[in-house]
Amino acid sequence: MAKTAELSVEEKLRTLYDLQLIDSKIDEIRSVRGELPLEVQDLEDEVSGLKTRLEKLEGELQAIDEKAKARKNAIDEHKEAIVKYNEQQKNVRNNREFNSITKEIEFQELEIQLAEKQIKELRATAEHKKATIEQSKEKLNEKTQHLEHKKAELENILSETEREESFLVEQSEKYQSQIEDRLLNAYHRIRTSMRNGLAVVSIERGASAGSYFTIPPQIQSEIAARKKVITDEHSGRILVDEVLAQEEKEKIENMLSGFKF
81 MAKTAELSVE EKLRTLYDLQ LIDSKIDEIR SVRGELPLEV QDLEDEVSGL
131 KTRLEKLEGE LQAIDEKAKA RKNAIDEHKE AIVKYNEQQK NVRNNREFNS
181 ITKEIEFQEL EIQLAEKQIK ELRATAEHKK ATIEQSKEKL NEKTQHLEHK
231 KAELENILSE TEREESFLVE QSEKYQSQIE DRLLNAYHRI RTSMRNGLAV
281 VSIERGASAG SYFTIPPQIQ SEIAARKKVI TDEHSGRILV DEVLAQEEKE
331 KIENMLSGFK F
């Protein structure tokens with residue numbers, strides 16, 4: 081974006097401080113929104129994961145039911161075989177055939193016992209699986225409700241602040257376009273290094289805002305003269321005098337109050 085005509089040092093300081101005030105307003109809006117978008121995303125991922133797990137559990141329960149049915153059908157087949165072998169025993173011609181059929185009957189009975197044992201185990205597994213499914217459904221329901229609540233909260237915040245944020249971002253870009261690249265880069269570098277995002281601060285009670293380090297009277301006079309850009313030797317932040325800061329605060333507040341959000 082092309083810069084406007086060269087500004088005086090005072091104009092640069094005013095523009096920088098205006099930009100700081102606007103960017104701080106944007107920070108406030110985004111701070112209110114905070115971690116909510118990430119929280120909503122995490123909840124969406126969690127709900128999706130719970131749904132997938134629930135589908136898997138229900139699939140496993142269905143597979144268990146099918147195995148139990150297969151074992152029950154096998155028992156019926158073994159019982160039918162026993163009936164058949166019992167009939168055959170009535171017509172045996174010798175002990176060898178009788179003993180052979182007896183062994184077949186015993187084998188079928190053992191198969192029935194094994195199938196009944198497996199059915200019992202499958203039923204126990206199914207009951208445990210059903211309990212897990214119920215717990216998963218409760219958790220899914222709880223997380224889904226929590227997600228809907230957080231989504232509504234986020235949508236409410238966005239609806240209240242979207243137009244204001246959009247306007248402020250537009251104003252921030254406008255003020256940035258008026259500042260020379262070297263100074264703007266310094267502003268962004270300082271702002272990024274500060275936890276509170278303050279790259280330009282005013283003098284308050286003989287110290288830079290938020291600092292306990294007193295600024296020498298001579299430096300304070302130079303800052304008030306607005307003849308050069310001066311930075312705080314302790315924090316590296318750009319300093320402006322209290323009068324300029326108050327004037328620009330009123331100017332930005334009037335600008336914002338005139339815009340209907």
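For what it's worth, my numbering labels the leading residue of the sequence shown as 81, then goes sequentially. For each residue, glycine too, the CB sits at the ideal point set by N, CA and C. Note that the structure is a prediction, hence the values are computed from the model and not measured.
Residue i - containing beta strand (DSSP E), residue span
i, result
"Glu280", "Residue identity check: residue 280 is Val in the sequence provided, not Glu. Unbroken beta strand (DSSP E) run through Val280: 280 to 284."
Simplified DSSP state of residue i, which is helix, strand or coil
i, result
"Leu99", "helix"
"Ser315", "coil"
"Lys329", "helix"
"Ser288", "strand"
"Thr84", "Only weak support is given to the placement of Thr84: the predicted model assigns it a pLDDT of 49, under 50, and the value that follows is read from those uncertain coordinates. Coil."
Unbroken alpha helix (DSSP H) run spanning residue i, endpoints
i, result
"Gln318", "The residue you asked about is not Gln; residue 318 is Ile in the sequence shown. Here Ile318 belongs to no alpha helix (DSSP H); instead the beta strand (DSSP E) covers 318 to 320."
"Ile259", "From DSSP, Ile259 is part of no alpha helix (DSSP H); its letter is neither H nor E."
"Tyr165", "116 to 169"
"Glu302", "297 to 305"
Cβ pair residue i, residue j closer than 9 Å
i, j, result
"Val320", "Leu134", "no"
"Arg269", "Gly277", "no"
"Ile155", "Ile181", "no"
"Ser291", "Ile102", "no"
"Lys223", "Leu99", "no"
"Arg306", "Met274", "no"
"Glu302", "Ile310", "yes"
"Lys92", "Glu260", "yes"
"Val249", "Ile106", "yes"
"Leu141", "Lys183", "no"
"His158", "Gln188", "yes"
"Leu324", "Arg94", "yes"
"Glu119", "Lys219", "no"
"Leu227", "Val127", "yes"
"Ile213", "Glu138", "yes"
"Ile237", "Leu116", "yes"
beta-carbon residue i near the ligand ZN non-hydrogen atom, thresh 8 Å
i, result
"Leu194", "Ligands are entirely absent from the displayed structure, and the ligand ZN is therefore not among its contents."
- [ ] Evaluate contact between the region 332 to 340 and the region 286 to 298, counting only Cβ atoms and requiring at least three cross-stretch pairs below 8 Å.
- [x] no
Open item on the list: Below 8 Å, how does it come out for the region 196 to 215 and the region 137 to 151: are there three or more Cβ pairs, yes or no?
Closed with: Contact between the region 196 to 215 and the region 137 to 151 is present, with at least three C-beta pairs closer than 8 Å.
Open item on the list: Under 8 Å, with one C-beta from each stretch per pair, do the region 230 to 244 and the region 163 to 176 reach the 3-pair mark?
Closed with: no
- [ ] Please specify which runs of the alpha helix (DSSP H), each continuous and at least 4 residues long, are wholly inside the region 198 to 278, giving them in chain order.
- [x] Within the region 198 to 278, the complete alpha helix (DSSP H) runs of at least 4 residues are 261 to 273.
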